[in-house]
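Position in the sequence shown (first residue = 1) + 137 = our numbering.
Quick reminder that beta carbons are idealized off the backbone N, C-alpha and C, glycines included.
Scroll down for the structure; my scribbles are underneath it.
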Amino acid sequence: MRARPGRGDDVQGLLLRVTETLNLVPGCELYVVHRSATEPDTVWVSECWADQQALEASLGASPPEGVDAVHPGDVLALLAGPPEIIAVTPVGGVGLAPVEQG
């Protein structure tokens with residue numbers, strides 16, 4: 138995600154707030170916020186979900202009671218354009234359960 142000039146810290150802050158409740162969301166296996174080492178207003182999120190249904194369910198779920206939720210529009214308002222989404226399928230590595238090949 139490329140934030141509007143000077144808003145990279147704000148985007149990072151909102152996305153880190155998202156991480157505070159993701160341990161309560163079924164199917165979220167990984168959600169990591171990264172900053173570009175060379176572009177201060179570029180923020181990356183690496184996320185892995187058990188399946189597409191878990192991801193879709195998370196997008197429509199109500200936040201836990203008492204949580205000041207971050208809405209997608211809060212983040213989108215700080216971006217210079219739409220986020221770039223790159224869909225990949227993990228096939229191995231450290232940190233995630235092995236993926237069954239079918």
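| Asked | Found |
| --- | --- |
| Local Cβ density within 10 Å of glycine 145, reported as buried at 16 or more and exposed below that | buried |
| Contacts around arginine 139, its chain only, beta-carbon distance under 7 Å, and the 5 residues preceding and following it disregarded | Asp178, Thr179, Leu216, Ala217 and Gly218 |
| Rounded Cβ spacing between glutamate 166 and alanine 187 (contact assumed at less than 8 Å) | 6 Å |
| Start-end ranges of the beta strand (DSSP E) lying completely within the region 152 to 212, minimum 3 residues | 165 to 172 and 180 to 186 |
| Whether threonine 156 touches valine 170 by CB criterion (8 Å) | yes |
| Inter-residue Cα distance where the pair is leucine 151 and glycine 229 | 30 Å |
| Beta-carbon spacing of valine 225, serine 195 below 8 Å | no |
| When Pro220, Ala214, Val207 and Leu192 are compared against leucine 153, the one with the closest alpha-carbon | Val207 |
| Own chain partners of tryptophan 181 with C-beta closer than 8 Å, once the 5 adjacent residues on each side are dropped | Met138, Val170, His171, Arg172 and Ser173 |
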